[in-house]
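Last residue of the sequence shown: 593 in the working numbering, with the numbers rising by one and none dropped. So the structure is just underneath, and the comments pick up after that.
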Amino acid sequence: MFTFKRRLVDEIFRAYDIRGLVDKHLFADDYYSIAYAFGLKVKATYEDKVVVARDVRPSSKPFSDAVTKGLHAAGLGVIDLGEVPTPVLNYATKSLTTAGLMITGSHNPKSYNGLKMILNGTVPSSEVIQSIKEDLLHIPAPVDASHQYQAFDIVPQYIAEMQKRIPSKQRFKVVVDAGNGVGGLIAPHLYEALNMEVIPLYCEPDGDFPNHHPNPGDPKNLQDLIRAVKTHQADIGLAFDGDGDRLGVITSSGRIIWPDELLLLMTYYLTQLNHPAKVVYDVKCEDYLAELMYQWHATPMMWKTGHSFIRNKVQSEGADIGGEMSGHLFLPYFWYDFDDAFAAGAVCLKILSEADKTLDEMVTIIPERFNTPEIILSVPEEKKFTIVKSLQALQFEGGEVDCIDGLRVRFSDGWFLVRASNTTSALTIRSSATTQEKLNILNQRIQAALKTVYPEIKFN
């Protein structure tokens, strides 16, 4: 058996990817080891090559080099896409029918990096990722090394296909905020190719993210985009996370359209085409989604949070669209079944181009709710699932309990969710109600329940 230089720390193996602090949890040797183990799984499927890509973080290039060496050691050829967003890597795995590895820290702080995997046409399950960790304890030594390497620019093909499949009937003024992430390398060119007037904002790649953190799920990271949309009198603003698979949308008035609202607008568009849409969404999304979708003769399906869970559910159910509150959107009706923020932006433009309304007018179909942003409470990694399990055992008078992912309790005038994060040592909380007063009462109930099962909890 083969012994690797370092024993990998458990914390980096998350529910659907690898993630950790650079030079504390993650080193180049780790990427070599994981790529080698992953490569042996790929080889077992009789594939002979893997596509590799990376984001613009300073550590990503040396980590990518280590991945290439690990795949070569497993006897696999490497197709290197260079610095491209995760959706482009996903596209390449479809186009070239290969497995894929993306070196990216996604929307995490600049001190982090990670590794996203595509195997057998989808994101590996948490069991497969854990099995890679176990494989590293008793893995055979490299015996069939390869040196096949090809640098390949697939971006022109990606843009050309999107032009054909998601065209718009009108030209709009679009502000594009890439947050200095890798999406800035293609987003302006893509939307210009779709005949838009593009105003780039923070599209110069810089892995230190000097202007704001590339996480469109946090409203404070959208303030510069909101100002730019208003200043330039743009029709829409589009924001992308660090690796381009999560989307934020701003209307001409500066209103944020949240991902669950985008799913509603897309569902409504499909129903207006007399297409009975099947829609998958995660437990963090608003409660009114199901009610409205049923009214529109669509089929809603709520599922676990996590882009791999949603993607796999979209695939297994043959859904038309899917998404989660974090901004991952899956659009097989329009594009492919992987999460692609650039395609989602193109779909928004297509829907807008076929309507006789502005985005602000279109969102009036969405009910008003009073809700919290996602609240993150730090707890010890080893206790987060135990806390949630203890919450699930409590009684909530007047509430309809759902334990599909954490604890989700629905009342006649609101709902709340408490779940263990898949990527950090934390609990995540969301709540929503028909009035601010009812929201306050709901939040008090959440805090009381948490104090009951974990008295040490600290509220921000």
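Every residue, glycine too, gets a C-beta built ideally from N, C-alpha and C.
Inter-residue spacing [alpha-carbon to alpha-carbon] between residue i and residue j
i      : j      : result
Gly312 : Pro321 : 13 Å
Met134 : Asp143 : The pLDDT assigned to Met134 is 45, lower than 50, so where the model puts this residue is not dependable, and the model offers no usable value.
Asp328 : Arg304 : Before going on, a small fix: residue 328 reads as Asn here, not Asp. Each residue's alpha carbon lies about 6 Å from the other.
Asp535 : Ile212 : 44 Å
Ser554 : Glu507 : 11 Å
Gly381 : Leu397 : 15 Å
Tyr291 : Ala232 : 17 Å
Ile499 : Lys174 : 45 Å
Ala148 : Met250 : 12 Å
Gln366 : Gly350 : 23 Å
Pro588 : Val542 : 21 Å
Ser449 : Ser441 : 12 Å
Asp493 : Gly370 : 12 Å
Arg444 : His271 : 31 Å
Ile520 : Leu583 : 8 Å
Thr567 : Gly531 : 16 Å
Pro431 : Pro465 : Residue identity check: residue 431 is Ala in the sequence provided, not Pro. In a straight line, the C-alpha of Ala431 is about 16 Å away from that of Pro465.
Leu358 : Asp268 : 45 Å
Gln528 : Asp473 : 40 Å
His345 : Pro273 : 44 Å
Met399 : Pro195 : 40 Å
Gly387 : Val217 : 29 Å
His461 : Pro333 : 22 Å
Tyr335 : Ala410 : 36 Å
Glu501 : Met435 : 21 Å
Val288 : Ile319 : 8 Å
Phe467 : Leu229 : 20 Å
Residue i (DSSP reduced to helix, strand or coil)
i      : result
Met458 : coil
Tyr414 : strand
Gln283 : strand
Lys584 : helix
Asn445 : helix
Lys182 : strand
Ala326 : helix
Arg543 : strand
Val331 : strand
Leu524 : helix
Thr432 : strand
Asn504 : strand
Asp472 : strand
Leu358 : helix
Phe196 : helix
Ala278 : coil
Ala207 : coil
Thr438 : coil
Ala553 : strand
Asn573 : helix
Arg152 : strand
Ile509 : strand
Asp339 : coil
Asp535 : strand
Leu159 : strand
Top-ranked residue by Cα proximity to residue i, from the options
i      : options                        : result
Arg552 : Ile562, His365, Ser545, Phe544 : Ile562
Thr255 : Glu216, Ala207, Tyr224, Glu515 : Tyr224
Ala161 : Thr585, Val175, Leu248         : Leu248
Phe471 : Leu141, Val413, Leu422         : Val413
Gly208 : Glu216, Asp181, His346, Tyr469 : Asp181
Ser511 : Gly531, Ala559, Asp493, Val308 : Ala559
Glu424 : Val416, Pro433, Lys417         : Pro433
Ala564 : Tyr466, Thr556, Phe544         : The sequence as given places Ser at residue 564; Ala does not occur at that position. For the residues Tyr466, Thr556, Phe544, the minimum Cα distance to Ser564 belongs to Phe544.
Val308 : Thr178, Arg379, Phe373         : Phe373
Gln569 : Gly547, Gln580, Ile319, Glu487 : Gly547
Leu572 : Thr230, Lys437, Thr505         : Thr505
Gly215 : Ser193, Glu260, His205, Val261 : Ser193
Residue range of the unbroken alpha helix (DSSP H) whose run includes residue i
i      : result
Asn246 : Premise fails: Asn246 lies in the beta strand (DSSP E), 245-251, not in any alpha helix (DSSP H).
Ile145 : Unbroken run through Ile145: none, as it is neither H nor E.
Gly387 : Careful: Gly387 lies outside any alpha helix (DSSP H) and carries neither H nor E.
Ile292 : 288-298
Ser264 : 259-268
Leu464 : Note, Leu464: premise wrong, no alpha helix (DSSP H); not H, not E.
Residue i - containing beta strand (DSSP E), residue span
i      : result
Lys306 : 306-310
Glu216 : 210-216
Ala232 : 232-236
Arg190 : Premise fails: Arg190 is in no beta strand (DSSP E) and is neither H nor E.
Leu560 : 559-566
Asp489 : Here Asp489 belongs to no beta strand (DSSP E), and DSSP marks it neither H nor E.
Phe529 : Neither: Phe529 is in no beta strand (DSSP E) and is coded neither H nor E.
Phe373 : 369-373
Residue-level contact to chain B via CB, residue i, 8 Å cutoff
i      : result
Cys536 : Looking at the structure shown, chain B is missing, and only one protein chain is on hand.
**Prompt:** Any chance the region 383-394 sits against the region 456-469, with 3 or more Cβ pairs inside 8 Å?
**Reply:** yes
query: If you pair each beta-carbon of the region 225-244 with each one of the region 151-170, do three or more pairs fall below 8 Å?
result: With a cut-off of 8 Å on Cβ pairs, the region 225-244 is in contact with the region 151-170, counting three or more such pairs.
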